[in-house]
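Undergrad: Read in order, the letters of the sequence shown correspond to residues 4 to 227 in this note's numbering.
Backbone N, C-alpha and C fix where the C-beta goes; we use that ideal spot for every residue, glycine too.
None of these values were measured; they are calculated from a predicted model.
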Amino acid sequence: MAGGLKNFFFKINTSIGNVEKTKMSQEFNDSVERYNTYSTLLDPLVSKLEGALQQNPEVLSTSCIESPKGENPHELLAASLEIFKTYQRDENLVKIDAFIEKRKKLAKTHRKGQVGGRHAIKALRRFFSFEYKDVCTENDKLTQARDYMDMIKHDVKTAKNTVQIENSATLYEEAVRIFNDQAKQVIQLLDALPKVQQTHTDGIAEYFDCLQKNNAEMLHIIKS
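Below, the structure written as structure tokens:
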């Protein structure tokens, strides 16, 4: 981000208890809020994308995208046609068998499309366990580092003698270094959001391309 690290946090004379708190800049807070908002918006999108692949919420609740064996809608229809066939005259069996075979092919193709579609959006699905989790974890560490730095700074100001001042000053110098290093790490993660978003956009494009090809394959089976 432009302006360097110093633009992302500044100190104000606001006291909580007796400790003067370091407040992060509005630009930094906006970056964190932007990341949180993106996560909030992405969650329902992933659910809708997966829901378009698998309409059965019970299947999705198991973290699977494919129906259990024999329970794909086309497989269920094929099974019903098998029962229906037992009540038909012999001259109708060939036509019904053809319907059953097509349903089985459609089920196989449908499953392939479900797997391919979900694979296309893997980066979106993993965002919550990787990128977003990292941002939250590192930002929590930054908060802890800031609180510790402020506490040590307070100790420096309230030291009663030279020894206490020197000891607290040494600790404060180290606390500032830790805080700065942690701030740089968080800022680096926040700065990566546009790249993350581009990866997600590419995944969505791949998702719809997969669906288009899969639908074309299924249409070919139906027309054959």
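Pop quiz: Glu134 and Val199 are said to be a contact at Cβ under 8 Å. What is the actual Cβ separation, rounded to whole angstroms?
TA: Confirmed, Cβ separation roughly 6 Å.
Undergrad: I think Phe87 touches Ile99, with their Cβ atoms under 8 Å apart; what is that distance to the nearest whole Å?
TA: Rounded, the Cβ-Cβ distance is 7 Å, consistent with contact.
Undergrad: If you check the beta carbons only, do Arg112 and Asn217 fall under 8 Å apart?
TA: Before going on, a small fix: residue 112 reads as Thr here, not Arg. Yes, the Cβ-Cβ distance between Thr112 and Asn217 is below 8 Å.
Undergrad: Report the rounded CA-to-CA distance for Leu44 versus Arg114, giving the unit in angstroms.
TA: Rounded to the nearest angstrom, the two C-alpha atoms are 28 Å apart.
Undergrad: Skipping 5 residues on each side, what residues in its chain have a beta carbon closer than 6 Å to that of Ala178?
TA: Counting only Cβ-Cβ distances below 6 Å, and skipping sequence neighbours, we find Tyr151, Met152, Ile155.
Undergrad: Give the straight-line distance between the Cα atoms of Gln29 and Asp137, rounded to the nearest whole angstrom.
TA: Answer to the nearest angstrom: the Cα atoms are 21 Å apart.
Undergrad: Quick one: what's Glu78 bridged to in DSSP?
TA: None; Glu78 has no bridge partner.
Undergrad: In whole angstroms, give me the CA-to-CA distance for Leu56 and Gln215.
TA: Between Leu56 and Gln215, the C-alpha separation is close to 12 Å.
Undergrad: Tell me the rounded alpha-carbon separation between Lys108 and Asp205.
TA: Lys108 and Asp205: Cα-Cα distance of roughly 30 Å.
Undergrad: Ends of the beta strand (DSSP E) at Thr25?
TA: Here the beta strand (DSSP E) through Thr25 covers 22–27.
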